[in-house]
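Residue numbers (this note's numbering): 42 to 295.
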Amino acid sequence: MPDIISDQPDKNQKISIIVPVLNEEEGIETFLSALTGQLALTAAGSAADIILADGGSSDRTLEIASAFNKVRIVRCGAANRGLQMNKGSRAASGEILLFLHADVSLPANSLDSITAALSDPKISGGAFQITFPPDSPVSLSRVAWGINLRTRLFTTATGDQAIFIRRDIFEKLGGYPEIPLFEDITLFNAMKNAGRAVLLPGKVEISPRRWLSFGVWRTVMLMYLLRGAFWLGFDPVKMKKLFVDVREKKKFKV
Numbered sequence: 042m043p044d045i046i047s048d049q050p051d052k053n054q055k056i057s058i059i060v061p062v063l064n065e066e067e068g069i070e071t072f073l074s075a076l077t078g079q080l081a082l083t084a085a086g087s088a089a090d091i092i093l094a095d096g097g098s099s100d101r102t103l104e105i106a107s108a109f110n111k112v113r114i115v116r117c118g119a120a121n122r123g124l125q126m127n128k129g130s131r132a133a134s135g136e137i138l139l140f141l142h143a144d145v146s147l148p149a150n151s152l153d154s155i156t157a158a159l160s161d162p163k164i165s166g167g168a169f170q171i172t173f174p175p176d177s178p179v180s181l182s183r184v185a186w187g188i189n190l191r192t193r194l195f196t197t198a199t200g201d202q203a204i205f206i207r208r209d210i211f212e213k214l215g216g217y218p219e220i221p222l223f224e225d226i227t228l229f230n231a232m233k234n235a236g237r238a239v240l241l242p243g244k245v246e247i248s249p250r251r252w253l254s255f256g257v258w259r260t261v262m263l264m265y266l267l268r269g270a271f272w273l274g275f276d277p278v279k280m281k282k283l284f285v286d287v288r289e290k291k292k293f294k295v
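Dropping the structure here:
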């Protein structure tokens, strides 16, 4: 597919940060405090807006989030990340969309890096490499190394890697597919075909909760099992039954 040249090459474009959430009361205050504090340090961050796209939280997530003036809450009515991020994007005001999970922290000056990269109209979007907190087990350092190697070799990314994209290209692509799994990889691959995707310097820091809850290497095996099944054409709805999210406090089913 030929490049879709963006209509929005201005390096001073506004960024909207879209955060899909579901029952995140345990960590949402810490996440939003850190994010809003970080955004206040730069011009790009100060101009950014934050959209919390809620999938039907039954805990205090929205009550806690409503205390942050910079945060706008969008009630999506269903727990589906693709749907949530699509609805969040429609409520956003920025020309650049940054999709951020609630257990992921951005590197310093990340928004400035994004706007600088997108000053080139041939770049459609991109993502970051990852790291885990310094006190995480050594096994997670190896996992991060492997994920980053895969990211560099294949220019691919998952939702944990803070995917960003020009709004006009996002809309031309039809947004995220509203499927239970791999909506992130599907969008990123479509974005690569629409222009050039870049990996920015700096690494997002990911919470280790999912990995430690199920076991690091068991999680790696499950993720690659799911990924392989996806590329072979298995139904994402059926694949979803292989596991449930850590937030539901159940064990994975394989």
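No residue lacks a Cβ here, since even glycine has one placed at the ideal position from N, Cα and C.
Quick caveat, the model's predicted, so the values are computed rather than measured.
Residue i to residue j span [Cα, whole Å]
{"i": "Asp161", "j": "Ser99", "result": "42 Å"}
{"i": "Arg251", "j": "Thr260", "result": "8 Å"}
{"i": "Glu65", "j": "Asp176", "result": "22 Å"}
{"i": "Trp186", "j": "Pro174", "result": "14 Å"}
{"i": "Leu214", "j": "Met232", "result": "8 Å"}
{"i": "Ala235", "j": "Ile171", "result": "24 Å"}
{"i": "Glu136", "j": "Glu246", "result": "25 Å"}
{"i": "Asp286", "j": "Phe205", "result": "A caution first: Asp286 carries a pLDDT of 45, below 50, which makes its placement in the model unreliable, though a value can still be read off. One C-alpha to the other measures close to 24 Å."}
{"i": "Lys279", "j": "Ala81", "result": "43 Å"}
According to DSSP, residues forming a beta bridge with residue i
{"i": "Leu159", "result": "Leu159 is not bridged to any residue."}
{"i": "Ile247", "result": "Val145"}
{"i": "Ile91", "result": "Ile58, Val112"}
{"i": "Thr172", "result": "Glu246"}
Nearest-angstrom Cβ-Cβ length linking residue i and residue j, presumed shorter than 8 Å
{"i": "Val115", "j": "Asp95", "result": "7 Å"}
{"i": "Pro218", "j": "Glu224", "result": "5 Å"}
{"i": "Ser2", "j": "Leu138", "result": "Limits of the chain in this structure are 42 at one end and 295 at the other, which puts residue 2 out of reach."}
{"i": "Gly216", "j": "Ser130", "result": "6 Å"}
Coarse secondary structure for residue i, derived from DSSP in three states
{"i": "Ala270", "result": "helix"}
{"i": "Ile204", "result": "coil"}
{"i": "Leu82", "result": "coil"}
{"i": "Gly167", "result": "strand"}
{"i": "Phe140", "result": "strand"}
{"i": "Leu214", "result": "coil"}
{"i": "Arg131", "result": "helix"}
{"i": "Thr77", "result": "helix"}
{"i": "Val295", "result": "Confidence in Val295 is poor, its pLDDT being 31 and thus under 50, which makes the residue's placement unreliable; the coordinate value appears in the next sentence. It is coil, neither helix nor strand."}
{"i": "Leu241", "result": "strand"}
{"i": "Thr227", "result": "helix"}
Cutoff 8 Å; reference residue i; Cβ partners in own chain excluding five residues on either side
{"i": "Pro277", "result": "Ile220, Pro221, Leu222, Phe223, Phe271"}
{"i": "Ala158", "result": "Ile164, Gly167, Val239, Leu241"}
{"i": "Ile45", "result": "Low confidence applies here, because Ile45 scores a pLDDT of 44, under 50, leaving its location unreliable and the question unanswered by this model."}
Residues near residue i by beta carbon distance below 7 Å, same chain, minus five either side
{"i": "Phe109", "result": "Leu73, Thr77"}
{"i": "Leu124", "result": "Cys117, Glu219"}
{"i": "Ala85", "result": "Ile56, Leu152, Asp153, Thr156"}
{"i": "Gly68", "result": "Ala143, Asp144"}
{"i": "Lys244", "result": "Pro148, Phe169, Gln170, Ile171, Thr172"}
{"i": "Ile105", "result": "Glu66, Ile69, Glu70"}
{"i": "Leu181", "result": "Phe173, Pro249, Trp252, Val257"}
Spatial neighbours of residue i in its chain, beta-carbon cut-off 6 Å, leaving aside the 5 residues before and after
{"i": "Val60", "result": "Leu93, Leu141, Ala143"}
{"i": "Gly306", "result": "A question about residue 306 goes unanswered here, because the residues of the chain that appear run from 42 up to 295."}
{"i": "Asn127", "result": "Gly216, Tyr217"}
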